DNA sequence: CGTCACGTTGACTAATTTCAATAACGGTGG
DNA sequence: CCACCGTTATTGAAATTAGTCAACGTGACG
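Protein chains in written order, with the UniProt record's numbering: chain A, 1 to 240; chain B, 1 to 240.
1) Could you tell me which chain B residues have their CB closer than 7 Å to the CB of residue 135/A, listed as they occur along the chain?
2) Measuring alpha carbon to alpha carbon, tell me which of 225/A, 33/A, 189/A ends up nearest residue 114/A.
3) Hey, would you say residue 91/A sits closer than 8 Å to residue 141/B, going by beta carbons?
4) Which word fits residue 175/A, buried or exposed, when buried means at least 16 other C-beta atoms lie within 10 angstroms of its C-beta?
5) Which residue spans inside the segment 44-120 of chain B form an unbroken beta strand (DSSP E) run of at least 3?
6) Looking at the secondary structure, which residues open and close the alpha helix (DSSP H) in which residue 243/A lies?
7) Give me the DSSP bridge partner(s) of residue 214/B.
8) Tell me which residue opens and which closes the alpha helix (DSSP H) that residue 131/A is part of.
9) Quick one, which of 31/B, 39/B, 205/B, 51/B has its alpha-carbon nearest residue 62/B's?
10) Is it buried or exposed, residue 169/B, if we count other Cβ atoms within 10 angstroms and call 16 or more buried?
11) Is residue 114/B close to chain A? Criterion is C-beta to C-beta, closer than 8 Å.
12) Can you give the beta carbon distance from residue 58/A to residue 88/A, rounded, assuming they're within the 8 Å contact cut?
13) Is the shortest distance between the beta-carbon of residue 88/A and the beta-carbons of chain B less than 8 Å?
14) If you pair each beta-carbon of the segment 221-229 of chain A with each one of the segment 176-192 of chain A, do three or more pairs fall below 8 Å?
15) Under 8 Å, Cβ to Cβ, is there at least one residue of chain A near residue 145/B?
16) If residue 143/A sits next to residue 150/A, beta carbons under 8 Å apart, how far is it from one beta carbon to the other, in whole angstroms?
17) Could you list which residues in chain B have their beta carbon closer than 9 Å to that of residue 101/A, in chain order?
18) Expressed to the nearest angstrom, what Euclidean distance is found between the alpha-carbon atoms of residue 128/A and residue 54/B?
19) For chain B, find out if any of its Cβ atoms is closer than 8 Å to the Cβ of residue 47/A; answer yes or no.
20) What does the Cβ neighbour count give for residue 227/A, buried or exposed, with the cut at 16 atoms within 10 Å?
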C-alpha cells in the first residue's frame, strides 16, 4: 500500500465529520477512503478552479480559506461565498460539465480532490454516501436562500452583523473562539458578498465599534457584545 | 395494470424532456415510470409544502405556477424563485428532512410527486437518473448564484429587465411567445424576489413603457424591444 | 525604509424607500 | 347582470439609505 494512500485516508482525518457521512460501517469507511485521490495545494490568490474549466471533481477544504465569485457578461463580479475547512466546493460545475464560477484561495490552502465519476460510482454502492452528497447539495441551496434573504431584505447594518455572526458560528464549530476572528478577506470582498460598497462595510464596522459591539483593528475583530449583534440581525425594523 | 399508472407515465408525458434524463434506454424509461406515484392538485394560493413540513418527496410541476419563499426569524419574507411547468421543487428539504421554505401556487396547479426514497433507490440502479438528479441540484445552485449577482450588484432597472428576460426565455422554451407574457404574481412578489419595493417595480415598468421597451397593462406585458431590454441587463454601468 | 495595497473618514450625490392618495380591476353575491 | 368591496397597481413628494468621489492614514512586505 503506497504511503500516500495512508496519508490521505478520510477515516483518519480530523475533519472527517465535517466532510463525510457519520454513521457508517467500518467496511464502507474503507471504501470511502478511496474517494480522495490527491491533495492539492493552492497558493494565496491562486484559483482552485476558474469559470470555464472542465468539471471533473469536487474538493473538500483541508486547510485555508476560499472565496467563490461569479462574473456577469458585462464584467461585474459578485462574491457568492467564503469557504473554510471541511466545506465542499465545486458543485456548480456538475450541471454543465464546466465550472461556472471562480474559486480563489484567500490564504495558502490545501484541498482533497474527489473525482466526480468516483463519487457517482461509490454513491451507487454506498447509500450513506449517496444521501450525504444529496444533503451537501441541498445544504448549499438552503444556504443560498439565506444569502438571498440577506441581499433582498436586509439593510447594511443587518447584513454586516449577519456576516460576522455567520463566520463566528462556523469558526466556533471548528474549535475557534466565539469572541474573536481574523478576517481573511478585504473590505471590498466583504462588500461584494453583502451587496455593499467597501466604504459602507468599513463605516459599519466603525459604527459597531463606536457602539461597543465589536473592536476592529484591520482584519482582527473582537466581539464585545454578541447578543447585541444578534439583535441587529433579528431586528424586525426592516424596510421591505 | 391500474389505469392511473398509465395516466402518470413519465414516458408519455409531454414535459418529459424538461423533467427527466434524455438519453435513456426503453428499459430504464420503464423503470422511471415508477418514480411518480401520485399527481397532486394545488389550488391557487395554497401551499404545496410549508416550512417545517416533513420532507418526503420532490415535485415536478405539470401545470401551473409557483413561488417559493423563505422567512427570517423576525418574520420578513423573501421570495426565492418562481417555478413553472417542468421544474423540480422541494430540494431544500433534503438536508434536514424538513422543508425550509414555503412553496405556494400562484394559480391552480398540478404536480407529480416523486417520493425521495424511491428517487434514491432508483438512482442507484439507473446511473442516468443519478446524474440527472445531481444536475438538477447543481442547476439550482447555479441559478441561485445568478440571483445573488442580481441582488448584490444590479440597480433596479437592471433587475426588472433581467427578471422579464428570464421569464420570457423560460416561457419561450415551453412554447410560449417571446413577445408577450402574463405575470402570475403581484408587484409585491416581484419586488420581494428582486429586493425592491412594489412601488419601485411599478415605476420601473412604467418607465420601460415610457421608453417604448414594453407595453404594460396590469399583468399583461408585451415586449416591444427585447434587444433594448437585453442592453439594460448587460449594461456595464453598475454601481458596485 | 519606501512603496503599494488596504482601510478609514468626510462631504456630497443619487437611488430607492416611505408615506400617502388615487385608480383600476376581479371576484362575489344580490 | 351589475354593484360593491377588497386587493392590486399607479403615481407623487418627502425622507433616508447607501453610493460616489476624494483625501488621508497605516501596515505589511519586499
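For every residue, glycine included, the Cβ atom is placed at its ideal position computed from N, Cα and C. Bear in mind that the values here come from a model prediction, so they are computed numbers and not experimental data.
Well, looking at it:
1) Your numbering for residue 135/A matches position 135 in the first chain. The contacting residues are 94, 95.
2) Numbered from its first residue, the first chain carries residue 114/A at position 114. Answer by Cα proximity: 33/A.
3) Sequence index remark: in the first chain, residue 91/A carries index 91 (1-based). Sequence index remark: in the second chain, residue 141/B carries index 141 (1-based). Yes.
4) Along the first chain, one-based indexing puts residue 175/A at 175. Classification of residue 175/A: exposed, given that the 10 Å Cβ count is below 16.
5) Annotation: the segment 44-120 of chain B contains the following complete segments of the beta strand (DSSP E) (minimum length 3 residues), in chain order: 47-49, 57-63, 66-71, 77-83, 102-105, 109-115.
6) The shown model of chain A, from 1 to 240, leaves out residue 243/A, and the question about it has no answer.
7) As a position in the second chain, residue 214/B is number 214, starting the count at 1. Per DSSP, 223/B.
8) One-based indexing of the first chain puts residue 131/A at position 131. Taken as a continuous stretch (DSSP letters only), the alpha helix (DSSP H) holding residue 131/A covers 127-153.
9) Here residue 62/B refers to the residue found at position 62 when the second chain is read from its first residue. Cα-wise, what sits closest to residue 62/B is 39/B.
10) On the second chain, residue 169/B is found 169 positions in, with the first residue counted as 1. Exposed.
11) In the second chain, counting from the first residue as 1, residue 114/B sits at position 114. No, no contact with chain A.
12) Along the first chain, one-based indexing puts residue 58/A at 58. Along the first chain, one-based indexing puts residue 88/A at 88. About 6 Å; that satisfies the 8 Å criterion.
13) Residue 88/A sits at position 88 when you count from the first residue of the first chain. Put simply, the CB of residue 88/A is far from chain B, with every gap to its CB atoms at 8 Å or more.
14) For the pair of segments examined, the segment 221-229 of chain A was found to touch the segment 176-192 of chain A: the number of CB pairs separated by less than 8 Å reaches three.
15) Looking up residue 145/B in the second chain gives position 145. For residue 145/B, the nearest beta carbon of chain A is closer than 8 Å to its own beta carbon.
16) Residue mapping note: residue 143/A aligns to position 143 of the first chain, counting from 1. Residue mapping note: residue 150/A aligns to position 150 of the first chain, counting from 1. That pair is no contact at about 11 Å.
17) Position 101 of the first chain holds residue 101/A. Neighbours of residue 101/A on chain B, chain order: 142, 145.
18) The count along the first chain starts at 1 and reaches residue 128/A at position 128. The count along the second chain starts at 1 and reaches residue 54/B at position 54. In this structure, the straight-line span from the alpha carbon of residue 128/A to that of residue 54/B is close to 20 Å.
19) Counting from one through the first chain, the residue named residue 47/A turns up at place 47. Among the CB atoms of chain B, none fall inside 8 Å of the CB of residue 47/A.
20) The sequence position of residue 227/A within the first chain is 227, counting from 1. Looking at its Cβ environment, which holds fewer than 16 other Cβ atoms inside 10 Å, residue 227/A is exposed.
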